[in-house]
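Undergrad: In terms of our numbering, the sequence shown is residues 17 to 105.
All C-beta atoms in this analysis are idealised placements derived from N, C-alpha and C, irrespective of residue type, glycine included.
Submitted below is the structure of interest, expressed as structure tokens.
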Amino acid sequence: MDCAYQFTYLSGDIAKDGDAEIEVNTQPAEAATVLRRLSNVPKSAALGVNTEQQLCAAVVLATALYASETWKRRRKILKKLDVFQQRNL
17 MDCAYQFTYL SGDIAKDGDA EIEVNTQPAE AATVLRRLSN VPKSAALGVN TEQQLCAAVV
77 LATALYASET WKRRRKILKK LDVFQQRNL
């Protein structure tokens, strides 16, 4: 049987060495897409600013950080997440 370098398990990409760089690159990009799709919702007059912020936190951050508890804490990962936060939130 051949050994796989990476595989997808429960919608997360897992590398042989446990590195999550693929996942770190994918999740914030998916969250940015979700944020763009939600761009019409916060413009509703019925929602207040506080509700808009809670909606973004609940949906966008949850998407960006999905399965992040399994990521190795590295400066490179933390920097990518910081860049995502500065650009999108």
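Look at the alpha carbon of Lys95 and the alpha carbon of Gln102, and state the distance between them as a whole number of angstroms.
TA: Approximately 10 Å, taken between the alpha carbons.
Undergrad: Pick from Gly64, Val76, Asp33 and Val65: whose alpha carbon is nearest that of Arg53?
TA: It is Val76 whose Cα lies nearest to the Cα of Arg53.
Undergrad: Using the Cα positions of Pro44 and Cys19, report the straight-line distance between them to the nearest angstrom.
TA: Computed Cα separation, rounded: 29 Å.
Undergrad: On the DSSP letters alone, give me the boundaries of the alpha helix (DSSP H) that Lys96 sits inside.
TA: Lys96 -> alpha helix (DSSP H) spans Arg91 to Asn104.
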